[in-house]
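Peer 1: Once you've had a glance at the structure underneath, I'll fire off some questions.
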Amino acid sequence: MSEVNNTGSFHTYLSEGCRLCQQGAKMVLFVTGVCHRDCFYCPVSAERRKDVVFANERAVNCDQDVIEEARIMDALGTGITGGEPLLVPERVLRYIRLLRSEFGRGHHIHLYTSVAPDMDTVSRLAEAGLDEIRFHPPVSMWGELGTSPYAASIGYARQCNIEAGIEVPAIEGIEEVAAFAREMDCFLNLNELEFSDSNAGAMNLKGFVLEGDISNAVAGSMGLARDMFRKGGAGKVHFCSSTYKDAVQLRERLVRVARNTARAFDEITEEGTVVYGQILCKDAEAAQEVTELLTEEGILPEMMEVRGLSVETAWWVLEDVAELVRENTEDVSIVERYPFENGFVVEKIPL
Numbered sequence: 002m003s004e005v006n007n008t009g010s011f012h013t014y015l016s017e018g019c020r021l022c023q024q025g026a027k028m029v030l031f032v033t034g035v036c037h038r039d040c041f042y043c044p045v046s047a048e049r050r051k052d053v054v055f056a057n058e059r060a061v062n063c064d065q066d067v068i069e070e071a072r073i074m075d076a077l078g079t080g081i082t083g084g085e086p087l088l089v090p091e092r093v094l095r096y097i098r099l100l101r102s103e104f105g106r107g108h109h110i111h112l113y114t115s116v117a118p119d120m121d122t123v124s125r126l127a128e129a130g131l132d133e134i135r136f137h138p139p140v141s142m143w144g145e146l147g148t149s150p151y152a153a154s155i156g157y158a159r160q161c162n163i164e165a166g167i168e169v170p171a172i173e174g175i176e177e178v179a180a181f182a183r184e185m186d187c188f189l190n191l192n193e194l195e196f197s198d199s200n201a202g203a204m205n206l207k208g209f210v211l212e213g214d215i216s217n218a219v220a221g222s223m224g225l226a227r228d229m230f231r232k233g234g235a236g237k238v239h240f241c242s243s244t245y246k247d248a249v250q251l252r253e254r255l256v257r258v259a260r261n262t263a264r265a266f267d268e269i270t271e272e273g274t275v276v277y278g279q280i281l282c283k284d285a286e287a288a289q290e291v292t293e294l295l296t297e298e299g300i301l302p303e304m305m306e307v308r309g310l311s312v313e314t315a316w317w318v319l320e321d322v323a324e325l326v327r328e329n330t331e332d333v334s335i336v337e338r339y340p341f342e343n344g345f346v347v348e349k350i351p352l
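Residue numbers (our numbering): 2 to 352.
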């Protein structure tokens with residue numbers, strides 16, 4: 002068993018998609034929120050449970066949105082997910098071809114699906130350039146996977162030189178999934194089960210509880226994965242903990258994005274967030290006056306930016322000029338946020 006950064010994750014095998022995800026180098030391409038399943042643990046938000054497309058947090062309106070998002074984070078690969086991606090197969094194929102055309106063979110592409118595609122579909126995915134496929138069979142089928150269409154689909158993938166595996170949450174019944182994965186000689190990814198806003202009701206009804214006060218992880222999920230492993234249910238296994246997703250994967254992706262998007266005056270933290278000073282003005286005239294004042298104080302143009310009624314600069318500059326600019330302002334603060342357009346604000350400290 003191989004421990005990873007004391008986060009509770011372990012593995013005997015990592016697919017290439019997982020290796021790149023650990024580096025924060027995988028773009029998540031959400032190709033539709035439509036799905037024919039009704040998995041009680043589904044974490045997809047209400048906002049996305051319709052036919053929409055997102056590249057990471059960015060709503061996609063055209064192909065260029067996908068390309069720009071991949072470039073912003075220096076993506077080395079893409080994970081295609083949903084919803085159920087194969088309910089829109091032509092869209093999936095188009096995006097695979099788009100990514101291949103733009104980034105070449107070195108850009109690793111994997112696909113999540115809960116269906117068991119036939120040989121024709123798998124062949125078309127391979128021809129478009131898919132590298133890896135992860136099957137997500139419904140819990141109701143876990144005990145009969147050996148005689149299910151998934152066995153054939155894994156075989157089709159192997160024939161087409163697509164690496165195949167299974168990815169499911171670590172809940173009761175994973176021993177049966179592990180046995181099937183060993184029989185098929187494919188990898189098995191186990192995810193620590195987590196609460197989300199969208200699945201909390203269904204999870205509570207089934208008796209699941211939180212592991213603790215500071216985590217979304219479900220109590221006992223990690224223990225089930227470890228027990229399965231100790232009882233000989235190994236093979237090509239990777240258990241990904243909730244902590245690892247937050248502490249490593251997300252942080253690494255934020256750092257990649259921040260390095261490419263930070264302004265001259267943004268400070269990038271170890272967690273990949275950006276810190277800067279924000280002067281929220283009462284009106285456009287006040288914003289202009291603040292900009293002129295900063296210029297008079299010797300602040301270079303590249304060390305400030307006006308965004309609507311917000312004048313932004315380095316946090317240490319703001320500390321020096323806070324009293325000078327306070328007139329005609331609504332708020333003067335140091336802001337820490339995710340490095341995205343309108344990114345999540347982690348902390349805001351008024352001056």
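The beta-carbon is built from N, C-alpha and C at its ideal position, and this holds for glycine as well.
1) So, are the CB atoms of Leu-15 and Gln-23 less than 9 angstroms apart?
2) Given a cut-off of 9 angstroms, decide if Ile-175 and Tyr-42 are closer than it, judged by their beta-carbon atoms.
3) Tell whether a beta-carbon distance below 9 angstroms holds between Val-291 and Asn-329.
4) Considering only their Cβ atoms, is the gap separating Gly-18 from His-109 smaller than 9 angstroms?
5) Based on the DSSP secondary-structure assignment, which residues constitute the bridge partners of Gln-279?
6) Rounded to whole angstroms, what's the CA-CA distance from Asn-190 to Ala-201? Just pull it up for me.
7) Rounded to a whole number of angstroms, what is the C-alpha to C-alpha distance between Glu-331 and Arg-308?
8) Cα-Cα, which of Asp-52, Ile-155 and Val-29 is closest to Ile-163?
9) Specify the secondary structure class of Cys-63 as computed by DSSP and reduced to three states.
10) Answer with buried or exposed for His-239, where buried requires no fewer than 16 other C-beta atoms within 10 angstroms of its C-beta.
11) Write down every uninterrupted run of the beta strand (DSSP E) in the segment 105-137 whose length is 3 residues or greater and which is fully enclosed by it, in chain order.
12) With DSSP as the reference, label Asn-205 as helix, strand or coil.
13) Between Asp-52 and Val-35, how many whole angstroms is the CB-CB distance? I'm expecting something under 8 angstroms.
14) Closest to Leu-194 by C-alpha separation, out of Val-210, Asp-214, Thr-79 and Ala-218, would be which residue?
15) State yes or no: is the C-beta of Pro-340 within less than 9 angstroms of the C-beta of Thr-262?
16) Go to Phe-181, then tell me how far its alpha helix (DSSP H) extends in each direction, as first and last residue.
17) Return the Cβ separation of Met-305 and Val-312 in integer angstroms, given the expectation that the two are a contact with Cβ distance under 8 angstroms.
18) Taking the alpha carbon of Gln-279 as the reference point, which residue from Gly-299, Thr-82 and Val-318 has its own alpha carbon closest?
19) Can you say whether Ile-134 is buried or exposed, counting buried as having 16 or more other CB atoms within 10 angstroms of its CB?
20) Quick one: grab the DSSP three-state call for Ser-216.
21) When you compare each of Gly-221, Asn-205 and Met-204 to Glu-212 by their alpha carbons, which one comes out closest?
22) Distance check for Leu-352 and Glu-298, CA to CA, integer angstroms please.
23) Would you mind reading off the limits of the beta strand (DSSP E) that contains Thr-33?
24) Would you mind reading off the limits of the beta strand (DSSP E) that contains Ala-165?
25) Considering only their Cβ atoms, is the gap separating Gly-273 from Leu-251 smaller than 9 angstroms?
26) Given Arg-338, which residues of its chain have a CB within under 7 angstroms of its CB, disregarding the five upstream and five downstream residues?
27) Cβ of Pro-170 within 9 angstroms of Cβ of Asn-192?
28) Look at the alpha carbon of Leu-1 and the alpha carbon of Leu-281, and state the distance between them as a whole number of angstroms.
29) Please determine, among Ile-300, Leu-310, Ala-265 and Thr-296, the residue with the shortest C-alpha to C-alpha distance to Ala-285.
Peer 2: Put simply:
1) yes
2) no
3) yes
4) yes
5) Glu-313 and Ser-334
6) 23 angstroms
7) 15 angstroms
8) Ile-155
9) coil
10) buried
11) 109-114 and 133-136
12) helix
13) 5 angstroms
14) Ala-218
15) yes
16) 175-185
17) 6 angstroms
18) Val-318
19) buried
20) coil
21) Gly-221
22) 19 angstroms
23) 27-33
24) 164-170
25) yes
26) Thr-274, Val-275, Gly-344, Phe-345, Val-346 and Val-347
27) yes
28) The requested residue 1 does not occur in the structure, where the chain is confined to residues 2 to 352.
29) Leu-310
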